[in-house]
Amino acid sequence: EDNTFDGVSYGASGYQPPTVKGKVVNSFIKVTPPAGGAILSYKIPDGMNYFTAVGTKLPGTSTSFKYTISIDEKVVFESKELWSYEGDVAPFIVELPNGSKTITLAIDEMGSNNNDHSVWANPMFRAKKPTPEFVLSLK
153 EDNTFDGVSY
163 GASGYQPPTV
173 KGKVVNSFIK
183 VTPPAGGAIL
193 SYKIPDGMNY
203 FTAVGTKLPG
213 TSTSFKYTIS
223 IDEKVVFESK
233 ELWSYEGDVA
243 PFIVELPNGS
253 KTITLAIDEM
263 GSNNNDHSVW
273 ANPMFRAKKP
283 TPEFVLSLK
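Take the sequence shown: its position 53, counted from the start at 1, is 205 in my numbering, and no numbers get skipped.
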């Protein structure tokens, strides 16, 4: 069974909810990075083999940041800047090595945090590997 994150919001408020391909995102982590970036860490539940999310932003905000995912303090994924992905959405599927304990989600503000409101949409720990299309469907 997959494990969802509760909708958690960090940073600025008063914006429209995030969307992915026209669909409103109900479960997300929003991070407004301070200068130097933002880092969040979570315990990986037993039996989970993948972490998935869709990188996006709040409507009307900047796309000049990138996402980094680390497992037990080792970087395993680093995105391009969000603006370089079609529609400003980037599906992430990261395999969790056996015995992994902690996942760290980081936002690099690329030198300026001006109007950066990053979103990890529908973040989930999963037992089975989904396709990128399935991750983008927010299921």
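All residues carry an ideal CB built from backbone N, CA and C; glycine is no exception.
Remember, predicted model here, so these are calculated numbers, not experimental data.
Nearest-angstrom Cα separation, counted from residue j out to residue i
i, j, result
"Thr-171", "Pro-211", "8 Å"
"Leu-276", "Pro-197", "Position check: residue 276 holds Met in this sequence, whereas Leu was assumed. So the two alpha carbons sit approximately 11 Å from each other."
"Gly-239", "Tyr-194", "28 Å"
"Asp-260", "Lys-218", "5 Å"
"Met-262", "Asn-178", "27 Å"
"Tyr-202", "Lys-182", "21 Å"
Whole-angstrom C-beta distance between residue j and residue i, which should lie under 8 Å
i, j, result
"Val-304", "Lys-173", "Coverage of the chain is limited to positions 153 through 291, which leaves residue 304 absent and any answer about it impossible."
"Leu-257", "Met-200", "Between Met-200 and Leu-257 the Cβ distance is about 15 Å, and since that is not below 8 Å, they are no contact."
"Leu-234", "Gly-207", "6 Å"
Classification of residue i by the beta-carbon crowding that lies within 10 angstroms, buried from 16 upward
i, result
"Val-287", "buried"
"Ser-236", "exposed"
"Val-176", "exposed"
"Lys-209", "buried"
Candidates the options, of which the one nearest residue i by Cα
i, options, result
"Lys-226", "Ser-216, Lys-253 and Ala-205", "Lys-253"
"Thr-204", "Thr-220, Phe-229 and Pro-243", "Pro-243"
Counting only runs that start and end within the stretch 171-248, where is the beta strand (DSSP E) found for 3 or more residues in a row? 180-183, 190-195, 202-209, 218-223, 226-230 and 242-247
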